[in-house]
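Below is one structure, written out as C-alpha cells; the observations come after it.
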Amino acid sequence: VRLAPLPPTGLTGAQQLLYADMRAAIDSDFGELVAHRNDGALIGPFNGWLHYPQFGSPAWAFNRSLWEHGRLPGRVHQLVILVTVAKFKARYAIYGHEYFAERAGLPEDKVATIAAGERPADLTHDERVAYDMAAALSRGGALPETTYRVAVGCFGEHGAAEIVFLVGCFSMVAVTLNAFDAGVPGRDETA
C-alpha cells in the first residue's frame, strides 16, 4: 500500500465531505464487502480518492452516477466491470466486483472465468454482447462499428453508452488501485 489509510478523525473539510458521501453508500449498499478498516479508514479506491479529494470527488461522483442512473441489468453491469478490472488485474476491484456480480445473479463459474480474464462459453446473448463490447474497449483502439451496432440493438443507445462509461470509469478505478497498490482485505496484510 503506497498511501496510508486515513482514519476519519484527521480529515480536512474536503476530505470529510467526500468521506461522508462514500461511507453512506458503503454502509447502505456494500453488504458484506469490506471497504473500511475497524478504525473507519476507507480502503480500495476510496483511500486514494480521499487522499486527493480534488480528483477523488469527481471520480466518486462519476462512479456513483453509473449505479444511480444505470439501466443495464445488474448482472450485465457487473460483467462489464469485471471484464474491465480483470484486464488491469486490479486486485481490490476484482475482489469487490466478484462479490457484486454474484449478488446481481451472475453465476459463480462465469464470475470466476471473467475474473481470470477469459470469456465464458455459456454466456447469454446479452452477456455476450456486453462482454464483447467491454473487451474491445478495454483493448484500446476504435470500437468496431459492428460491435457498437450490436450493443445498441441489444441495449439501446443509452445501454451502449452505459457500457462505454462503465469501461472508462472502471479503467480509472483499476489504474488508481494499481498505482497505489491497494490490496485485498484478508489476503494482503495492509489492506
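Last residue of the sequence shown: 191 (the numbering used here), numbering continuous.
Glycine is no exception: its CB is placed at the ideal position from the N, C-alpha and C atoms.
It should be emphasised that the depicted structure is a prediction, and the values quoted were computed from it without experimental measurement.
Apart from the five residues just before and just after residue i, which ones in its own chain have a Cβ nearer than 8 Å to its Cβ?
i: E102; result: E108, V111
i: V99; result: Checking the sequence shown, residue 99 turns out to be Tyr, not Val. Closer than 8 Å at Cβ, skipping near neighbours: G31, E32, L33.
i: A86; result: I94, I114, A115, A116, G117
Look up residue i in the DSSP assignment and give the residues it is bridged to.
i: H36; result: L42
Can you look up residue i in the DSSP assignment and give me helix, strand or coil?
i: K89; result: coil
i: T176; result: helix
i: A130; result: helix
i: P98; result: According to the sequence displayed, residue 98 carries Glu and not Pro. In the structure shown, E98 sits in a helix (DSSP, three-state: H, G or I).
i: A192; result: Past the boundaries of the shown model lies residue 192; the chain is included only from 1 to 191, so the question cannot be answered.
i: E68; result: helix
i: Y52; result: coil
i: F165; result: helix
Ignore the nearest five residues each way along the sequence and tell me which others in residue i's own chain have a CB closer than 7 Å to its CB.
i: P53; result: A14, Q15, L18
i: A199; result: The first residue shown for the chain is 1 and the last is 191, placing residue 199 beyond what the model contains.
If you compare alpha carbons, which of the options is closest to residue i?
i: I94; options: R37, L177, E68, A104; result: L177
i: M22; options: S57, R37, R2, F155; result: S57
i: A4; options: G48, D27, I26, R75; result: G48
Return the chain-ordered list of same chain residues with a C-beta closer than 6 Å to the C-beta of residue i, the five sequence neighbours on each side being excluded.
i: G96; result: L33
i: R129; result: It should be pointed out that residue 129 corresponds to Val in this sequence rather than to Arg. Closer than 6 Å at Cβ, skipping near neighbours: V150, A151, C154.
On the three-pair Cβ rule with 8 Å, is the stretch 180-188 touching the stretch 64-82?
-> no
Are three or more beta carbon pairs between the stretch 36-45 and the stretch 128-141 nearer than 8 Å?
-> no
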